[in-house]
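In this text, residue positions in the sequence shown follow my numbering: the first is 827, and each later residue adds one.
All C-beta atoms in this analysis are idealised placements derived from N, C-alpha and C, irrespective of residue type, glycine included.
As the structure is a computational prediction, the values presented were derived from the model and not from experiment.
Taking it in order: structure first as structure tokens, then the write-up.
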Amino acid sequence: MLPRSTHTRTDREAGAASRAAGPREIQRLIGRSLRAVTDLGALGERQIRIDCDVLQADGGTRTAGITGSYVALRRALEGLVSAGKLPGLPLTDSVAAISCGVYTRRRGARP
């Protein structure tokens with residue numbers, strides 16, 4: 827996916843079968859990032875769904891999705907702990923993402 831993939835907000839596709847490759851790629855990336863820091867055994871037989879809307883797609887869409895989804899996951903888990911449904915947070919670590927561009931030094935320029 828390229829930065830600035832859309833200039834206007836596009837509607838989400840209705841069915842999973844009609845989803846484009848871009849949203850699926852981001853969905854898998856976010857899912858892997860969150861599962862990497864979650865003790866799934868301690869979570870038990872629960873499914874947590876996190877919905878992420880991209881208001882304006884640009885170069886930081888994936889990173890914002892990962893960081894925001896982690897915050898949403900943590901808040902959801904804290905709610906389960908405070909309700910007594912989990913004995914403690916089943917998180918093994920935190921996750922956040924950053925985006926950076928490619929820096930090319932101009933020829934003859936000083937570092």
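Option nearest residue i by Cα separation, candidates the options
{"i": "residue 919", "options": "871, 928 and 896", "result": "896"}
{"i": "residue 870", "options": "915, 925, 928 and 859", "result": "915"}
{"i": "residue 923", "options": "866, 872, 912 and 894", "result": "894"}
{"i": "residue 911", "options": "862, 859 and 872", "result": "872"}
For residue j and residue i, the rounded distance between their alpha carbons
{"i": "residue 864", "j": "residue 906", "result": "14 Å"}
{"i": "residue 900", "j": "residue 932", "result": "43 Å"}
{"i": "residue 888", "j": "residue 909", "result": "31 Å"}
{"i": "residue 892", "j": "residue 852", "result": "9 Å"}
{"i": "residue 917", "j": "residue 904", "result": "10 Å"}
{"i": "residue 930", "j": "residue 868", "result": "46 Å"}
{"i": "residue 954", "j": "residue 874", "result": "Shown here, the chain extends from 827 to 937; a query on residue 954 therefore has no answer."}
DSSP beta-bridge partners of residue i
{"i": "residue 864", "result": "917"}
Per-residue DSSP class, three states only, for residue i
{"i": "residue 930", "result": "coil"}
{"i": "residue 856", "result": "helix"}
{"i": "residue 875", "result": "coil"}
Classification of residue i by the beta-carbon crowding that lies within 10 angstroms, buried from 16 upward
{"i": "residue 866", "result": "exposed"}
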